[in-house]
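Numbering (this note's numbering), first residue to last: 1435 to 1681.
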């Protein structure tokens, strides 16, 4: 396994949002075990809450663990900032997302589902890296909305879902589920994921994406659903005339 630098780790996270050919699987498979009733109830709750979901804002901390570097004594990298998600467009099918990383190195990752474009702004070098998602737009929307107001049925289309039980996270009773992508593209993006869903709000309070022995753990705090989120939260805050690199 190659050792990733911190910059590469961030870019890999961004690339995961752009994995090509996120083809939806047709089969429905629930690996629920004894928690089948609980899982079915959670899926139904997600379906019910999805109709009223408009947006969510939250603080986050983003912990990146590299197994090789950890063995060499390096601590996990921790990034903190604010996140904004919303559904827009006809029938609220478009997903917009902004990850505003503030510490330790400012970066902004913006996805505009209505335009089908991902942009990464790095203030330190004043550069915007831009990529159009093209034919993968609807699938990237589905990935970006994972844990943020999406329907439970959509979750089952994309992943095999294993029920892991109820767990309290920062005082919130959350449904814990393990997800495995159904397609090679999803499996390449991450080997498995674990999400903790607050079923009262239909939002993730925690997400963990694994790639082999490496993982990215994101914790969300001060979560506000259907609050004062506007277009300004989905615009890059740039300085001067940044370099624009299109990929």
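Glycine is no exception: its CB is placed at the ideal position from the N, C-alpha and C atoms.
Under 8 Å, with one C-beta from each stretch per pair, do the region 1586–1606 and the region 1534–1554 reach the 3-pair mark?
no
Inter-residue Cα distance where the pair is residue 1607 and residue 1592
Along the chain shown, one-based indexing puts residue 1607 at 173. Along the chain shown, one-based indexing puts residue 1592 at 158. Their backbone Cα atoms lie some 25 Å apart in a straight line.
So who's on the other strand from residue 1534, going by DSSP bridges?
Here residue 1534 corresponds to residue number 100 of the chain shown, with the count starting at 1. In DSSP, residue 1534 forms a bridge with 1516 and 1542.
Where residue 1532 and residue 1517 are concerned, what is the direct C-alpha to C-alpha distance, given to the nearest angstrom?
Counted from its first residue, the chain shown places residue 1532 at position 98. Counted from its first residue, the chain shown places residue 1517 at position 83. Distance between the alpha carbons of residue 1532 and residue 1517 is about 6 Å.
Residue 1589: buried (16+ other C-beta within 10 angstroms of its C-beta) or exposed?
Counted from its first residue, the chain shown places residue 1589 at position 155. It counts as buried.
To the nearest angstrom, how far is it from the Cα of residue 1640 to the Cα of residue 1535?
Position 206 of the chain shown, counting from 1, holds the residue named residue 1640. Position 101 of the chain shown, counting from 1, holds the residue named residue 1535. Residue 1640 and residue 1535: Cα-Cα distance of roughly 17 Å.
Status (buried if at least 16 other CB within 10 Å, exposed otherwise) for residue 1634:
Residue numbering aside, residue 1634 sits at position 200 when the chain shown is read from its first letter. Classification for residue 1634: exposed.
Quick check: the region 1509–1516 against the region 1485–1501, are at least 3 beta-carbon pairs closer than 8 Å?
yes
Any heavy atom of the ligand ADP closer than 6 Å to the beta-carbon of residue 1477?
The ligand ADP is not among the ligands present in this structure, which contains no ligands whatsoever.
Could you tell me the alpha carbon to alpha carbon distance between residue 1627 and residue 1653, rounded to whole angstroms?
For this step, residue 1627 is matched to residue 193 along the chain shown. For this step, residue 1653 is matched to residue 219 along the chain shown. When rounded, the distance between both Cα atoms is 14 Å.
Sequence-distant residues of the same chain with beta carbon closer than 7 Å to residue 1561, five excluded per side:
Along the chain shown, one-based indexing puts residue 1561 at 127. Counting only Cβ-Cβ distances below 7 Å, and skipping sequence neighbours, we find 1676, 1677 and 1679.
In terms of DSSP beta bridges, what is residue 1554 paired with?
For this step, residue 1554 is matched to residue 120 along the chain shown. Answer by DSSP bridge pairing, in chain order: 1543 and 1563.
Classify residue 1452 as helix, strand or coil using the three-state DSSP reduction.
As a working note, residue 1452 is residue 18 in the chain shown. Confidence is the limiting factor: at residue 1452 the pLDDT is only 40, short of 50, which leaves the residue's position unreliable and the question unanswerable from this model.
Would you mind listing the beta strand (DSSP E) stretches within the region 1612–1638 that are 3+ residues and don't spill past its ends, in chain order?
1626–1632
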